[in-house]
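Trainee:
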Amino acid sequence: MPTRASILLVVNPAASTYSPRLEAAVARELGGAFAVELVRTEEPGDAIPITRAGAGDGAFAAVAVLGGDGAVNEVANGLAGSDIPLVPLPAGRTNVLCRSLGLPLDARGAAAALARAGGRLSTRRIDLGTVNGRAFTFFSGIGVSATANRRMSGRGTTGRALGGHLFLYEVLAVAASYLRDPPRLVLAAEGEEVEIEGISLIAQNGDPLTYLGGRPLPLCEGAGLETGTLSLAVLRRGSIGAAATITPRIALGRGPGVLGREDVESVPRMSRARVRSLDGRPLPLEVDGEYVGELGEIVYGIKPRALTVAAPTR
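Under our numbering, the final residue of the sequence shown carries the number 357; numbering is consecutive throughout.
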């Protein structure tokens with residue numbers, strides 16, 4: 044009898060829709076096609092070394108992750124540059140990469156479909172954005188969105204329960220505060236002679252963003268998982284008009300109306316950019332919806348076709 048392939052299942056018990064029952068069901072479904080090794084994370088950042096160790100010894104045919112966008116980001120960092128496929132099993136609030144890839148949003152159903160296919164994987168290679176050396180799969184933000192996510196993370200279980208509605212509230216609250224005393228940044232894109240000053244920035248690798256109930260947010264012109272480039276958008280200044288119109292348009296998924304405003308400068312299809320603080324205050328940064336911290340200088344880049352992702356063969 045042939046030996047079954049092994050799969051590493053990385054589980055984030057802090058994910059929004061995680062439960063021990065869901066974990067057991069996913070492991071049971073995967074066990075129909077794979078020898079499953081399950082590892083739970085305990086702290087943010089744990090999944091990166093766990094994944095690197097698993098990928099490094101060549102024992103696993105794939106790495107599945109039961110968690111949200113943050114856990115998927117960590118596993119992607121652990122697998123970047125390897126040929127081992129990442130299998131996202133969504134258990135988060137937004138599951139943006141899964142939506143971008145057209146993958147099932149039911150973790151147990153996705154695991155069951157993979158098992159029914161006998162563990163056979165169809166794969167594709169996608170780009171990874173980078174920010175100060177850390178990879179991201181679909182998005183990084185400086186300013187309003189990062190500060191909103193920092194506030195969300197401080198809400199604990201309340202934030203996870205209220206999800207997109209609370210996130211929208213936090214974005215509106217932060218946008219209002221940016222009318223008074225926003226941090227100031229400057230963007231210098233590679234190959235561009237003109238620097239762009241602003242108060243917030245979005246760098247997009249995947250398209251569309253789907254933070255609010257799956258509603259697409261097409262914010263950056265030319266973004267895509269297989270373009271070999273990043274696309275950026277800079278909010279130039281805080282104004283009553285910007286706060287009153289841009290934030291609701293983003294929330295309602297009316298991205299083209301955002302890109303058409305004079306408040307927003309679009310920087311499509313670039314490979315490298317440097318962002319620094321203009322007023323000495325560190326800039327709040329997020330990657331794939333997770334708050335990272337505050338930095339004085341931030342460098343964006345792109346790694347084309349750096350990550351293999353997998354879905355069940357249909």
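In this text, a Cβ means the ideal position worked out from N, Cα and C, and glycines have one as well.
None of these values were measured; they are calculated from a predicted model.
1. For residue 324, collect the residues of the same chain with a Cβ closer than 6 Å to its Cβ; drop the 5 residues on either side in sequence, then sort them by chain order.
2. Pull up the CB-CB distance for residue 310 and residue 350, whole angstroms please, since I reckon it's below 8 Å.
3. I want to see whether chain C comes within less than 9 Å of residue 263, judged by CB atoms only; does it?
4. Could you work out which residue in 72, 341, 135 and 272 is closest to residue 155 when comparing CA atoms only?
5. Would you list the one or two residues that DSSP bridges to residue 177?
6. Any idea if residue 322 is buried or exposed, counting beta-carbon neighbours within 10 angstroms, 16 or more meaning buried?
7. Classify residue 245 as helix, strand or coil using the three-state DSSP reduction.
8. Which residues bound the alpha helix (DSSP H) around residue 312?
9. With a threshold of 8 Å, are at least 3 pairs of Cβ atoms found where one atom belongs to the region 94-102 and the other to the region 118-128?
10. CB residue 148 to CB residue 130, shorter than 9 Å?
11. Between 92, 247 and 314, which has its C-alpha nearest residue 347's C-alpha?
12. When burial is assigned at 16 or more other CB atoms within 10 Å of the CB, is residue 170 buried or exposed?
13. Quick one: Cα of residue 48 to Cα of residue 233, how far?
14. So, with DSSP's three-state summary, where would you put residue 133?
15. Can you tell me the Cβ-Cβ gap for residue 114 and residue 60, rounded? I've got them flagged as a contact below 8 Å.
16. In terms of DSSP beta bridges, what is residue 343 paired with?
17. Any idea what DSSP makes of residue 127, helix, strand or coil?
18. How would you call residue 331, buried or exposed, if buried means at least 16 neighbouring beta carbons within 10 angstroms?
19. Measuring CB to CB, does residue 112 end up less than 9 Å from residue 83?
20. Taking just the CA atoms, how far does residue 142 sit from residue 161?
21. Inspect the beta-carbon positions of residue 109 and residue 132 and report whether they are closer than 9 Å.
22. My guess is that residue 344 and residue 320 are in contact by the Cβ rule of under 8 Å, so how many angstroms apart are they, rounded?
23. By the 10 Å Cβ neighbour count, where 16 or more other Cβ atoms means buried, how is residue 296 classified, buried or exposed?
24. By the three-class DSSP mapping on this structure, what secondary structure does residue 59 have?
25. Between which two residues does the alpha helix (DSSP H) harbouring residue 151 extend?
26. Count the other CB atoms within 10 Å of the CB of residue 151; is the residue buried (16 or more) or exposed (fewer)?
27. So for residue 300, helix, strand or coil by DSSP?
28. Can you tell me where the alpha helix (DSSP H) holding residue 119 begins and where it ends?
29. Identify, in the order they occur along the chain, each residue of the same chain with its Cβ nearer than 6 Å to the Cβ of residue 164, setting aside the five sequence neighbours on each side.
Mentor: So, from the listed chains and residues:
1. 226
2. That pair is no contact at about 23 Å.
3. Within the model displayed, chain C is absent; a lone protein chain is all it includes.
4. 72
5. 174
6. exposed
7. strand
8. Not the alpha helix (DSSP H): residue 312 falls in the beta strand (DSSP E), residues 307-313.
9. yes
10. no
11. Checking every option, the nearest Cα to that of residue 347 belongs to 314.
12. buried
13. 44 Å
14. strand
15. Their Cβ separation, rounded to whole angstroms, is 12 Å, which puts residue 114 and residue 60 out of contact at 8 Å.
16. Per DSSP, 174 and 316.
17. If DSSP states are grouped into helix, strand and coil, residue 127 belongs with coil.
18. Around the Cβ of residue 331, a 10 Å sphere holds 16 or more other Cβ atoms; the residue is buried.
19. no
20. 24 Å
21. Yes, they are a contact pair.
22. About 19 Å; that fails the 8 Å criterion.
23. In this predicted model, residue 296 has a pLDDT of only 48, less than 50, meaning its place in the structure is not dependable; the value taken from the coordinates is given anyway. Buried.
24. It is coil, neither helix nor strand.
25. 150-159
26. buried
27. Low local confidence applies: a pLDDT of 47 at residue 300 is under 50, so the model's placement there is unreliable, and no value is given.
28. DSSP places residue 119 inside the alpha helix (DSSP H), whose first and last residues are 112-122.
29. 128 and 353
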